[in-house]
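Quick notes on the structure that follows.
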Amino acid sequence: MKHVMFLVVGLLLASSLPTQAAQVRARTYVVGADVDASGHVTGTQVDADVPANIAGVLAGAVKQWAFVPATRDGKPVRAHTFIRAKLQVAPDASGHSTVRIYFMGNGPKFDETNVPPRYPLDAARAHQQAFVMLDATVQPDGSLTDMTVHSRSRRWPLPRAFTTSVLQAARQWHATPERVDGQAVATHMRIPMNFTLSDQPLSAAQADAMREALREEMSTAKAKGGHFGDLFQSDQPVALDSPLQPRALAANTH
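With mature numbering (1 follows the signal peptide of the UniProt record, and there is no 0) as the guide, the letters of the sequence shown map in order to residues -21 to -1, 1 to 233.
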């Protein structure tokens, strides 16, 4: 079976989430955030289809986080970004559930209607897999430009078919840009995509190469206050130059 992972959390909360290993349930949500000139979140926007109990927990957590203020002409100004927040529900020894909310990053918001790239048929027949990075700029009008594709690991060559597939899909994508002082701005993005075959395990050399690459990615994310879960699951897009950089992002526990 072919898979393409794309960018594309008590009991009441848990009932709304997908089940994962060891009964831990988690999901990443995108929350719009209004940030004032001091770097504090003053307002949030959660998608209408998110259950009200989860939306309230997300909004409360996001409002406790802070950013280095955006600037215009050297002066701090208000800004708007989209925060990716991972809500995780895990049972404890007493049988109760602990809810934790982690900051996963911020930047533009990609449309849910964006169609992921197709798994190249010839690559699937040849049992080829790929762990890919798309670098692109989200322009103020929401289009993507300046696109380049490369392997997530320097030690894992990238067949051309995967590059072609990613670029064909990404040319059709759209995003809602970040805003500074009311004006839409461009943001450079790095978007991971994994092309895997369920019946094709990684070789020892491939697994080692990916572990090395992902350790580097996770180290960079943690330095910026982000959080990653299991190895090989860091599939969140990263804003390379968001006008709002994280400052105080402790995980929230409920």
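Ideal Cβ positions, reconstructed from N, Cα and C, are used throughout, including at glycine. All figures in this text were calculated on a predicted structure; none of them were measured in a lab.
R6: first and last residue of the uninterrupted beta strand (DSSP E) it sits in | R4 to V14
Whole-angstrom distance between F46 and R57, CA atom to CA atom | 11 Å
So, are the CB atoms of P222 and V159 less than 7 Å apart?
-> yes
N173 and F110 closer than 7 Å at C-beta | yes
Please check the pair W44 and V20, which I expect to be a contact at CB under 8 Å, by giving their CB distance rounded to whole angstroms.
-> 6 Å
Exposed or buried, what is Q108 when buried is set at 16 or more other beta-carbons lying within 10 Å of its beta-carbon?
-> buried
Simplified DSSP state of Q162, which is helix, strand or coil | strand
Just the Cα atoms here: how many angstroms apart are L228 and A149?
-> 31 Å
DSSP three-state call for G84: helix, strand or coil?
-> strand
Residue environment, A183, which counts as buried when at least 16 other CB atoms sit within 10 Å | exposed
Contact set for A38: own chain, Cβ-Cβ below 8 Å, skip 5 residues either direction | V10, T23 and V25
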